[in-house]
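Q: In this text, residue positions in the sequence shown follow the numbering used here: the first is 352, and each later residue adds one.
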Amino acid sequence: MLHVVDHPLIKHKLTIMRKKETGPKEFRELLREITLLITYEATRHIEVYEIEVETPLEKTKGYYINDKDIVVIPILRAGLGMVDGILELLPNASVGHIGIYRDPETLRAVDYYFKTPKLHDKSEIFILDPMLATGVSAIDAIGKVKELGGKRITFISLIASPEGVKALEEAHPDVDIYTASLDRELNNHGYILPGLGDAGDRLYRTK
């Protein structure tokens, strides 16, 4: 279920992202780069098909993936910062958008936008959100995707909390979670500790 992608490059880049003095330009670039590295691991299960190709010397057996069956769905707004990283590896993927925010008082998910490509049994769906904190937004997003027929779903985050992982595993035990770091805990306001603050605010300098 939970896959923490433990790689020196990811550790290095994530450490820079955590620093409070890291600005939005560098933060965006690092988020894209880490997403690309996590995607490399998160796509290992994708089905490959055999094909015959001709090299300059002879014919040989090769393999391809049908990346037109891949659907990338960022949770707005912070998830947008991860899209370019995954599209660098899967440029023909379709992209949907889910608008959800966590009510600061109740910590419940509030939906405000939902639009995805048509989903079918062979759709490989990757839902993106840098922070898996309480798990509320992720659980809500995955539930909506399943209602539309999505079955093969992977959740990719930058940082996860133990509480969020537990909640997501209980709500959707069939969904794999890929993250760069499993942090210590949540504080009383539902923020991950040590974390890196609000990813959306740091991406777009809204605070």
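For each residue, glycine too, the CB sits at the ideal point set by N, CA and C.
Since this is a predicted model, take the numbers as computed values, not measurements.
Using the Cβ count rule (16 or more neighbours within 10 Å means buried), how would you classify L519?
A: That one is buried.
Q: Check E521 in the structure and name its three-state DSSP category.
A: In the structure shown, E521 sits in a helix (DSSP, three-state: H, G or I).
Q: From the DSSP output, which residues share a beta bridge with D367?
A: Note that residue 367 corresponds to Ile in the displayed sequence, not to Asp. Beta-bridge pairing links I367 to no other residue.
Q: Quick one: measure Cβ to Cβ for A511 and I528, integer angstroms, because I've assumed they're closer than 8 Å.
A: About 7 Å separates the two Cβ atoms, so the contact holds.
Q: When we look at the beta-carbon of H523 and count the other beta-carbons within 10 Å, is it buried (16 or more) or exposed?
A: So H523 ends up on the buried side.
Q: Using CA atoms only, rank isn't needed, just tell me which of G450, E405, I367 is closest to Y314.
A: Missing from the structure shown is residue 314; the chain here goes from 352 to 558 and no further.
Q: Count the other C-beta atoms from every protein chain shown that fall within 10 angstroms of the C-beta of L470, then say buried if there are 16 or more, exposed otherwise.
A: Counting Cβ neighbours within 10 Å, L470 comes out buried, since at least 16 surround it.
Q: Verify whether the separation of the beta carbon atoms of K410 and E403 is less than 8 Å.
A: Contact flag set, yes.
Q: Please go through the segment 471 to 520 and give each complete beta strand (DSSP E) segment of 3 or more residues, from N-terminal end onward.
A: If we require 3 residues or more, the beta strand (DSSP E) runs fully inside the segment 471 to 520 come out as 475 to 479, 503 to 507.
Q: Decide if P481 is buried, meaning its Cβ has at least 16 other Cβ atoms within 10 Å, or exposed.
A: Label assigned to P481: buried.
Q: Just to confirm, are L554 and R383 a CB contact at a threshold of 8 Å?
A: Contact flag unset, no.
Q: Given a cut-off of 8 Å, decide if L441 and I421 are closer than it, judged by their beta-carbon atoms.
A: Contact: yes.
Q: CB-CB under 6 Å to L387, same chain, minus the five flanking residues each way: which ones, in chain order?
A: Closer than 6 Å at Cβ, skipping near neighbours: G436, E439.
Q: Determine the extent of the alpha helix (DSSP H) in which A550 is found, giving its start and end residues.
A: Where A550 is concerned, the enclosing alpha helix (DSSP H) stretches over 550 to 555.
Q: Where do the ends of the alpha helix (DSSP H) carrying A393 lie?
A: Run containing A393: 375 to 393, per the alpha helix (DSSP H) assignment.
Q: How long is the line joining the alpha carbons of D534 and V356, rounded to whole angstroms?
A: Roughly 13 Å between the two C-alpha positions.
Q: Using CA atoms only, rank isn't needed, just tell me which of D525, L365, E514 is closest to G541.
A: Among D525, L365, E514, the Cα nearest to that of G541 belongs to E514.
Q: Could you tell me which of K364, L360, E405 sits nearest to L547, measuring between CA atoms?
A: It is K364.
Q: With which residues is R453 paired in a DSSP beta bridge?
A: For R453, which the question treats as bridged, DSSP gives the partners A460.
Q: Tell me T530's beta-bridge partners as DSSP assigns them.
A: Answer is V355, bridged to T530.
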